[in-house]
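Trainee: Just so you know, numbering that gives the first Met the number 0 puts 102 at position 103 of the sequence shown, and the rest follows in order with no gaps. Note that the Cβ used here is the ideal one computed from N, Cα and C, for glycine as well. In this text, all values refer to a predicted model and were calculated from it rather than measured experimentally.
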Amino acid sequence: MGRIPSHREETKVLLEQQFKSEVALLSRLYHPNIVQFIAATKKPPVYCIITEHMSQGTLRMFLNKKQPYSLSTETILRESEGNMGTYRWMALEMIKEKAYTRKNQGPPLPASCQPTLAHLIKRCWAAHPSKRPDFSHIVSTLEKYDKCVTEGLPLSGLVSHNVILECLEGFISMSSSVPVHV
0 MGRIPSHREE TKVLLEQQFK SEVALLSRLY HPNIVQFIAA TKKPPVYCII TEHMSQGTLR
60 MFLNKKQPYS LSTETILRES EGNMGTYRWM ALEMIKEKAY TRKNQGPPLP ASCQPTLAHL
120 IKRCWAAHPS KRPDFSHIVS TLEKYDKCVT EGLPLSGLVS HNVILECLEG FISMSSSVPV
180 HV
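(1) Does the beta-carbon distance from E51 to V34 come in below 8 Å?
(2) Going by alpha carbons, who is nearest to A23 out of V12, I37 and P31?
(3) From what residue to what residue does the beta strand (DSSP E) around R46 run?
(4) For T115, count neighbouring Cβ atoms within 10 angstroms of its own Cβ and tell me buried if that reaches 16, exposed if not.
(5) Would you mind giving the Cβ-Cβ distance between I137 and L119, rounded to the nearest angstrom? I have them listed as a contact below 8 Å.
(6) Exposed or buried, Y46, counting other C-beta atoms within 10 Å across all chains shown (16 or more means buried)?
(7) From the DSSP secondary-structure annotation, give me the bridge partner or partners of A23.
(8) Indicate whether I48 and E21 have their beta-carbon atoms separated by less than 8 Å.
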């Protein structure tokens, strides 16, 4: 339920449009993970949207209980069994109800993981976005890896080549006249 300030005509018009837009959208949404829209009413300055009852309450109530789940739009309301969130946004440790940490660390890589892939994976896990490879670099590395595996070429050159290029990045311009052999 909301109350529109009566002192500004522009604000009233804008909020009226937003209310109508939200009601139009909510009235078309039907999904088990979305709170069901029931009705809307407006008696200016009071505007009200009525939805199904969620027995576990609001996000504020949930956060006050300090539950250690991931926060996303999917976790705002909880249903009567206490289910919350979606598995696609939860860490495997959380799904299996095992101990987990909020620190930015990936799981240990198996010893059988090729150094090329291990290096790429660890770069993708970097805490700072600037240290992570862009998507074109990931695709390029995976394509080179696939080519080496398919053609039976040694994989060791991929890691050293990528590491050398990363070290030189910023020192050599790709448009410079210095020949770079790839």
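Mentor: Taking the definition as stated:
(1) yes
(2) Closest in alpha carbon position to A23, among V12, I37 and P31, is I37.
(3) A small fix is needed here, since residue 46 is Tyr in this sequence, not Arg. Unbroken beta strand (DSSP E) run through Y46: V45 to T50.
(4) A residue is called buried when at least 16 other Cβ atoms come within 10 angstroms of its Cβ; T115 meets this threshold and is buried.
(5) 7 Å
(6) buried
(7) BP columns for A23 are empty, so no partner.
(8) yes
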